[in-house]
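Quick note, the sequences are listed as chains H and D, same order.
Using the working numbering, the final residue of the first sequence is 1555, and nothing's skipped along the way.
Using the working numbering, the final residue of the second sequence is 975, and nothing's skipped along the way.
Remarks on the structure that follows.
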Amino acid sequence: MSTAKDRYQNRIELLQGTLDLLILQTLVWGPRHGYGISQMIRANSAEILQVDTGSLYPALHRLEKQRWIASEWKVSDNNQRAKFYRLTASGRKQLASERSRWAQLSEAIAGILHPGKQETEA
Amino acid sequence: MAFWRPGRNPNDEIEAEILSHLNMAVQDRVERGEAPQQADRSSRREFGNVGLVKETTRDVWGLRWLEDLGHDLRFGWRTLRRSPGFAITAILTLALGIGPNTAIFTVINAVLLRPLPYAGPQRIAKVGLRNEDPVPSDVNVPQFVYLREHGGNVFEDVAGYSGAGTLQLKQRDGSDWLKALAVTDEFFPALGVNAILGREISSDETRPGSPLAVVLSDGIWRRAFGGDPGVIGKQITLNTDAYTVVGVLPPDFDFIEQPSDIFIPLHPGHSIGDTGTNTRVIARLKPGLSLKQARAQLSGLYEQLPNKNVAPLGLSVMSYQQALAGDLRPSLLILFGAVAVLLLIACANVASLILTRANGRARETAIRLAIGAGRGRLLRQSLAESFLIALMGAAGGLLAAAWALHGLAAAIPWDLSGRASSVRIDLRVLFFTLGTAIFTSLIFGLGSFWQTARTSVIVTLKEGRPGAQGPSHGRIRNVLAIAEVALSLSLLIGAALLGETLHNLYRENLGFDPQNVIRMTTPYPVNNPSNARIWSFEQQVLARVQGIPGVLSAAAVTVSPLAGQSNLPTQVAGNDDAQHSYGGTEIRAISSQYFGTLRTPVLEGRPILEGDTAGAPLVAVINQRLAHRWWPGKSPLGEHIVIGEFLGRQLFKEPQPPREVVGVVADVKGLVLGSPAPPMVYVPAAQAGLQMNDSTDWVIRTAPNAEVAPAIREVIAQMDPGQRITALEPLSNVIHNAVSGQTFDAALLGLFAAVALALASIGIYAVLSLHVAQRTHEIGIRMALGAEPRQVLRLVVRQGLVLALAGVVIGSAAALGLTRFLSGLLYGVQATSFEAYAGGAAVLIFVALLASYIPARRAVRVDPLVALRHE
């Protein structure tokens, strides 16, 4: 459990577009509801990534509109009715392309943050 | 995007999703040992603003605009309710603009747009001779037969038809009069209509001498035969002839051009009237052939066309729908243009109103801008308000149109025949009205746009008084007022031109005096009666009618003036050249009192006298036009003419004898008031010879205000109780009927111009009122400094005058361009008539002065003390 204070201290703003990637990746392990997705992202990032509900739900609905995910009302493990999202076939393709884009981006950023020897010496 | 699945409300669903999220969060916290209340609070805090999340999530689905629109409309509704005076004025103004548009469009829809109710209506064409009239005119029987034989590569079915009058159906329990149409066997295929019982007319039945067949309309089948299917094959008696019923037509079939109860075979080549041009022709174009191609192919046939007695200009093909619309088409298009102008004026008026109110609301707008309303949202709100006004205006207009439609359809003087009932508001009309509403709301919504775009938050809030942005709004309002004046002037000029046309037509020299003359029509009692029989009937009626107190004189004639045509080719006896034959010579068989009764002057020689009996020498009286044509500069008295002979060719089996010309009378108008009288020959009814008619017309001159109609009916009933009277009316009615088209156009255009004038004067009045209100302070200073009331009055009136003059200049220029379209409807007046322009301008300037006077009076009454404190 984290207090309001340290939540803001530890919080890292998600880059534009990365939330979609995280949601799609989270759903690879099976259907989940919105709350579950946000909990999973938080847990898997060691509590560093906090997903703002004001971003999560628009993102979920945007992805559903794109037909990358589909939704269904089901009863959860603890007997709650909840809307479960699952990855669609085109969502899997999208995930693959977003992952490779992310890989390129992080490589490029890493290149800038950790420049090669030549450049440092010059 | 299947978001709108049935039973799923997006708002509810998002809410449910958020609720389940919160529930799960709370449950997690409780499981970790938090107190339920505390867990609930923290979960909510962690979640953030539920409403905002809901809204942004919903926005993903693009429903925001819909919701906003709802908000805007509700907001617009509230603002309108807060200023009911403004709302009602704007809505009524728009209703005045939209109502006439809807009404005229409804007629256009019925007459010009809605396809004819026949199969493949666009392939049905009217075919005929080309003359001055755009609609193809009727042909004679040999010409029809020729077209049918040679039109094969243009048409599938070439059908001839011709009115067959009313036939008496004799039944056990009395008799019924049936409107009959004589048709060839191609008629029903050309229209694409099949009998619902039995069959249509066969080609055998159109041969002379074949047994007589009749096809019944659904209406008469039900009315006269009780809808009995066994009627097929039965014999019925029409007049004196036995007909076999061969078919019944479907209930939805209606021959629009001439609603008919029964259809009988047309027998080409069977009667003496074959050479008369009275066979109408419609044809079904071959698939894929355009009217233009048909016209081109048909022009090759003209050379060989037989019996060209009336010397037409060629052959003509027109879409049947357009031919049916006939004269109504140009009139409707002109009126449609006029109501469009009216709508623009109404729009300008409402735009001006909105600007005026916007001035008063400038502060409100500025405050809303200051606290963060987007200009786009503000604009949308005012557009929504405009749309609401337009929608209600359209609803009002629609109601008004629906209410006026019945009268309008009845007032249409052209023969709408079967289509009067189709003048009704249908889906297309509703769409048109809705479109008009959207269009108008966009037009005057521009006013709102201006206001929102121009509002400067700082200036408005700082100055803190309404009307701070006077100058720019004032300019737009001036432009709007000028536009209104200009547009109404063009309508006014159009109405003046049509009014002058009407006046000219009424002033035409008729060649007879219609005052105190009654006209009556009685059909012949039987088909093709002998001349002797008709004449003896006519003599007896005349003797009795002349005995009625109040009757001064009476006469019989085959066709009374302006009531119809009845012509036969005629030539000078023994002179076979083209100058001395005339195909369309109008022939009238008259009794001796005819000229005296109508007061038609006898210019030379003598009228027809009682002594011109069957045994006496054959005589004729001709009109001036024919006298000038055949014997220019000479007296025709003693010359001889032959009716039924053309270029030396006898048109009838029995050779027609020559007649001596014994008199010349003044020209009497033919069918059309605006055309010169046709060449005309009068013969004594006792010597009539050729039989071309199926009824007698009577003209009866009475003492002023004498009520003789009942006595006349009684005379006819005494002669023969079965004798019908199909017309009994003042002769002056015929003249009103002859100009009914022009009257209709002039009256409607005049009405529209009057409404336009009223709207324009309201526009000027509004501009000046606001102007005076805004300048109260200045006027107060002027008066405090010693300005005379007269000077103040002049100050305001002059501004109104400037607006009116600017409008008059622009409007005159516009009218010069627009009235060209009217020229086809004008008679005896140029589309550029100075009188019409000057008159229109004078009326407008006068009205503008009146409209300026009231605000000017208000300005004069300004009390300097009050005005200066007004700040």
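No residue lacks a Cβ here, since even glycine has one placed at the ideal position from N, Cα and C.
Values in this document were obtained by computation on a predicted structure and should not be read as measured data.
| query | result |
| --- | --- |
| Cβ-based burial, PHE248 of chain D [other Cβ within 10 Å; buried from 16] | buried |
| C-alpha gap between PRO905 of chain D and LEU482 of chain D, whole angstroms | The displayed chain sequence assigns Leu, not Pro, to residue 905 of chain D. Taking the straight line from one Cα to the other gives about 36 Å. |
| CB contact flag (LEU593 of chain D, LEU969 of chain D, <7 Å) | no |
| Own chain, CB closer than 7 Å to LEU656 of chain D, minus 5 neighbours either side, in chain order | ARG805, THR806 and ALA807 |
| GLY1450 of chain H at chain D interface by Cβ criterion, 7 Å | no |
| Coil, strand or helix - THR544 of chain D by DSSP | helix |
| Residue of D:LEU173, D:ILE208 and D:GLY224 minimising C-alpha distance to LEU492 of chain D | D:LEU173 |
| Closer than 7 Å to chain H by CB, VAL134 of chain D | no |
| Classification of GLU253 of chain D by the beta-carbon crowding that lies within 10 angstroms, buried from 16 upward | exposed |
| Proximal residues of chain D, C-beta to C-beta of GLN1513 of chain H below 8 Å | SER124, ASN127, MET128 and GLN131 |
| Chain-ordered neighbours of PHE151 of chain D on chain H, where CB pairs are closer than 7 Å | THR1486 |
| Cutoff 7 Å: VAL164 of chain D Cβ touching any chain H Cβ | yes |
| Runs of alpha helix (DSSP H) wholly within the stretch 1465-1508 of chain H (minimum 4 residues, chain order) | 1467-1477 and 1486-1498 |
| At least 3 beta-carbon pairs within less than 8 Å: the stretch 857-875 of chain D vs the stretch 215-231 of chain D | no |
| Distance, LEU509 of chain D Cα to ILE195 of chain D Cα | 21 Å |
| Neighbourhood of ALA842 of chain D by C-beta, 6 Å cutoff - its chain only, sequence neighbours within 5 removed | LEU666 and LEU777 |
| Burial state of PHE750 of chain D, where buried means 16 or more other Cβ atoms lie within 10 Å | buried |
| Interface residues of chain H facing VAL157 of chain D [CB-CB closer than 7 Å] | THR1486, GLY1487 and TYR1490 |
| Beta-carbon proximity of ALA731 of chain D to PRO740 of chain D, cut-off 7 Å | yes |
| Contacts around SER1509 of chain H, its chain only, beta-carbon distance under 6 Å, and the 5 residues preceding and following it disregarded | ALA1515 |
| Nonlocal neighbours in the same chain, by C-beta distance under 6 Å from ALA263 of chain D, ignoring five residues either side | THR288, GLU290, PHE291, ALA294 and ILE386 |
| For MET624 of chain D: DSSP bridge partner residues | D:TRP802 and D:LEU832 |
| Rounded straight-line distance, which links the Cα of ARG733 of chain D to that of ASN727 of chain D | 10 Å |
| Between the CA atoms of ALA908 of chain D and ILE68 of chain D - distance to the nearest angstrom | The question about residue 68 of chain D has no answer here: the residues shown for chain D are numbered 105 through 975. |
| Member of D:ASP308, D:THR341, D:GLU309 and D:LEU794 whose CA lies at the smallest distance from the CA of ARG276 of chain D | D:THR341 |
| Beta carbon of LEU775 of chain D nearer than 7 Å to that of GLN675 of chain D | no |
| Coarse secondary structure for ASN1512 of chain H, derived from DSSP in three states | coil |
| ALA659 of chain D vs VAL787 of chain D beta-carbon contact at 7 Å | no |
| Beta carbon of PRO618 of chain D nearer than 7 Å to that of SER836 of chain D | yes |
| Terminal residues of the beta strand (DSSP E) in which TRP980 of chain D lies | Chain D is shown from 105 up to 975; residue 980 of chain D falls before or after that span and cannot be answered. |
| N- and C-terminal bounds of the beta strand (DSSP E) containing HIS744 of chain D | 744-747 |
| Cross-chain neighbours of THR161 of chain D in chain H, by beta carbon under 7 Å | TYR1490, PRO1491 and HIS1494 |
| Run of the beta strand (DSSP E) containing SER640 of chain D, from where it starts to where it stops | From DSSP, SER640 of chain D is part of no beta strand (DSSP E) but of the alpha helix (DSSP H) over 635-650. |
| Close-in-space but distant-in-sequence residues of the same chain around LEU853 of chain D (CB under 6 Å, 5 per side omitted) | ALA442, GLY598, ALA599 and LEU602 |
| CB of VAL350 of chain D within 7 Å of CB of GLY302 of chain D, strictly | yes |
| Cβ distance (whole Å) where ALA398 of chain D is taken to contact LEU389 of chain D below 8 Å | 6 Å |
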